[in-house]
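Student: Take a look at this one; I'll ask things after.
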Amino acid sequence: NAGVTQTPKFQVLKTGQSMTLQCAQDMNHEYMSWYRQDPGMGLRLIHYSVGAGITDQGEVPNGYNVSRSTTEDFPLRLLSAAPSQTSVYFCASSKRGHSGVVNTEAFFGQGTRLTVV
Amino acid sequence: KQEVTQIPAALSVPEGENLVLNCSFTDSAIYNLQWFRQDPGKGLTSLLLIQSSQREQTSGRLNASLDKSSGRSTLYIAASQPGDSATYLCAVEDNFNKFYFGSGTKLNVKP
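Following this line, the structure appears as structure tokens:
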């Protein structure tokens, strides 16, 4: 099992550029999510999805778009990168927490370190 | 809005000591709580998951407890080893599939 795969691992962007961070999982998990991790602030939820075709905003969604056309993939798009988006980005997947499903252990990718100059 | 706090932010102990990491959260309406380990430059690895109806979970030298009514969880590490050095994060999942993380406790176990 590959688990959760994120690409790229490192990226440098210029202000105003756009890019897509890729995330794929092979565990047939309904729930996928994106976080950013900044020093001293822990992980903050950007967007999440409870299944194909369904996405919703997290705590810090501004400047980011997502879509979920398949169960396996959950790409994160930066439409116009800003220096404030310099961060480490993590994608995670788990079974969806709902009635009757209690084991929602989350699996994380290795992260994408993004620098916007 | 759920707020998750972890104390202490950093901890340095000699090898062999037993230690306790603390996590508190402001809203007791949680679905579950997870403890994660993060090594430098790496992703997060789930250590223990405690369902909202449970009081504790154990895995090897690790024991996590949950007191939902008081908004607290502890991670107990027995007989610490240098390989336990990492950052430990706790996260709560609410009833709407959202996760909220603490900022972590950075643990250093000295040989």
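Going down the list, the protein sequences come from chains A and B. Under my numbering, the first residue of the first sequence carries the number 117, and numbering increases by one thereafter. Under my numbering, the first residue of the second sequence carries the number 7, and numbering increases by one thereafter. Beta carbons are placed, not taken as given, at the ideal position from N, Cα and C, and that holds for glycine.
1) Distance check for A/Ala222 and B/Ser34, CA to CA, integer angstroms please.
2) At 9 Å on the CB atoms, spell out the chain B contacts of A/Arg235, in chain order.
3) Give, in chain order, every residue of the stretch 131–164 of chain A whose Cβ lies closer than 8 Å to some Cβ of chain B.
4) What runs of the alpha helix (DSSP H), each 4 residues or longer, lie entirely inside the stretch 118–146 of chain A?
5) Is the CB-CB distance between A/Leu161 and A/Tyr151 below 7 Å?
6) Do you know whose CA, among A/Thr202, A/Pro155, A/Ser134, A/Thr186, lies nearest A/Ser196's CA?
7) Please list, in chain order, all residues of the same chain as B/Lys48 whose beta carbon is under 6 Å from its beta carbon, the five residues on each side excluded.
8) Take every Cβ of the stretch 63–73 of chain B, pair it with every Cβ of the stretch 99–117 of chain B, and state whether three or more of those distances are shorter than 8 Å.
9) Going by other Cβ atoms of all chains shown within 10 Å of its Cβ, with 16 needed for buried, is B/Phe102 buried or exposed?
10) Hey, would you say B/Arg43 sits closer than 7 Å to B/Ala92, going by beta carbons?
11) Contact between the stretch 17–24 of chain B and the stretch 175–184 of chain A: three or more CB pairs below 8 Å?
12) Check the Cβ of B/Ala48 against every Cβ in chain A and list those closer than 8 Å, keeping chain order.
13) Quick check on the DSSP output: the beta strand (DSSP E) that includes B/Glu99 runs from which residue to which?
14) So which of B/Ser109, B/Leu39, B/Tyr106, B/Tyr94 has the shortest CA-CA distance to B/Leu25?
15) In angstroms, rounded to a whole number, what distance separates the CA positions of A/Val120 and A/Thr171?
16) Identify every residue that forms a DSSP beta bridge with B/Ala16.
17) Please tell me whether B/Phe107 has its Cβ less than 7 Å away from any Cβ of chain C.
Tutor: Reading it off the structure:
1) 20 Å
2) What is shown of chain A runs 117 to 233, which leaves residue 235 of chain A out entirely.
3) Across the stretch 131–164 of chain A, CB contacts with chain B closer than 8 Å involve Tyr147, Ser149, Tyr151, Gly156, Met157, Gly158, Leu159, Arg160, Leu161, Tyr164, in sequence order along the chain.
4) none
5) yes
6) Ranking the options by Cα distance to A/Ser196, first place goes to A/Ser134.
7) Setting aside the 5 residues that flank it on each side, B/Lys48 has no residue in the same chain whose C-beta is closer than 6 Å to its C-beta.
8) no
9) exposed
10) yes
11) no
12) Residue identity check: residue 48 of chain B is Lys in the sequence provided, not Ala. Taking the beta carbon of B/Lys48 as reference, the chain A residues within 8 Å of it are Gln226, Gly227, listed in sequence order.
13) That run of the beta strand (DSSP E) goes 92–100.
14) B/Tyr94
15) 18 Å
16) B/Lys112
17) This model lacks chain C altogether, as its protein chains are A and B.
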